[in-house]
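Numbering-wise, the sequence shown is residues 881 to 988 according to this note's numbering.
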Amino acid sequence: DDYYAMYEASQTSIKRYTTDGSQNFVGGAGPSIKYKTADVFFDSSGGIPASHAYFLNTDYLEMIAHEEANFTIMEEMSSINQDACVIPILFQGNLVCSNRALQGVMKA
Numbered sequence: 881d882d883y884y885a886m887y888e889a890s891q892t893s894i895k896r897y898t899t900d901g902s903q904n905f906v907g908g909a910g911p912s913i914k915y916k917t918a919d920v921f922f923d924s925s926g927g928i929p930a931s932h933a934y935f936l937n938t939d940y941l942e943m944i945a946h947e948e949a950n951f952t953i954m955e956e957m958s959s960i961n962q963d964a965c966v967i968p969i970l971f972q973g974n975l976v977c978s979n980r981a982l983q984g985v986m987k988a
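Here it is in structure tokens:
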């Protein structure tokens, strides 16, 4: 909250939200402010201390899915004690980072 409030206050006269002028809601967290090409947004529900700011370089983040469990639809299954059926969908994956040195955290 501290870093975001300071950044937002410093940008009051030149604040811009996105290149098309509309507010960009990042993951439902609220409008993001642009710094050059990066989105800067505040997330009050993430459990992050107020004196921290995190930086993600998404060029080095990738979602890797298992070949046999990448939203694989299984056969329909019936329940024994109710009049219903379910169709399980399998997913196994990891968010991997190929260069952790280019990710960042700033602490006050």
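Every residue gets a Cβ at the ideal spot worked out from N, C-alpha and C, and that includes glycine.
Task: CA-to-CA distance, Tyr-884 to Ala-945, given in whole angstroms - done: As a position in the sequence shown, residue 945 is number 65, starting the count at 1. As a position in the sequence shown, residue 884 is number 4, starting the count at 1. Each residue's Cα considered, the two are about 34 Å apart.
Task: Span separating the alpha-carbon of Asp-919 from that of Ile-913 - done: By 1-based counting over the sequence shown, the position of residue 919 is 39. By 1-based counting over the sequence shown, the position of residue 913 is 33. If you take the alpha carbons of Asp-919 and Ile-913, they lie about 6 Å apart.
Task: Inter-stretch contact at 8 Å, needing at least 3 Cβ pairs: the region 946-961 / the region 919-932 - done: no
Task: Rounded straight-line distance, which links the Cα of Thr-952 to that of Phe-935 - done: For the purposes of this step, residue 935 is identified with residue 55 of the sequence shown, where counting begins at 1. For the purposes of this step, residue 952 is identified with residue 72 of the sequence shown, where counting begins at 1. Going from the Cα of Phe-935 to the Cα of Thr-952 covers about 33 Å.
- [ ] Tell whether a beta-carbon distance below 8 Å holds between Ala-949 and Leu-970.
- [x] Counting from 1 along the sequence shown, the entry for residue 949 is found at position 69. Counting from 1 along the sequence shown, the entry for residue 970 is found at position 90. Their beta carbons are under 8 Å apart, which means Ala-949 touches Leu-970 by this criterion.
Task: Nonlocal neighbours in the same chain, by C-beta distance under 6 Å from Glu-942, ignoring five residues either side - done: Within the sequence shown, residue 942 is the residue found at index 62, counting from 1. Taken in chain order, the residues that qualify are Val-976.
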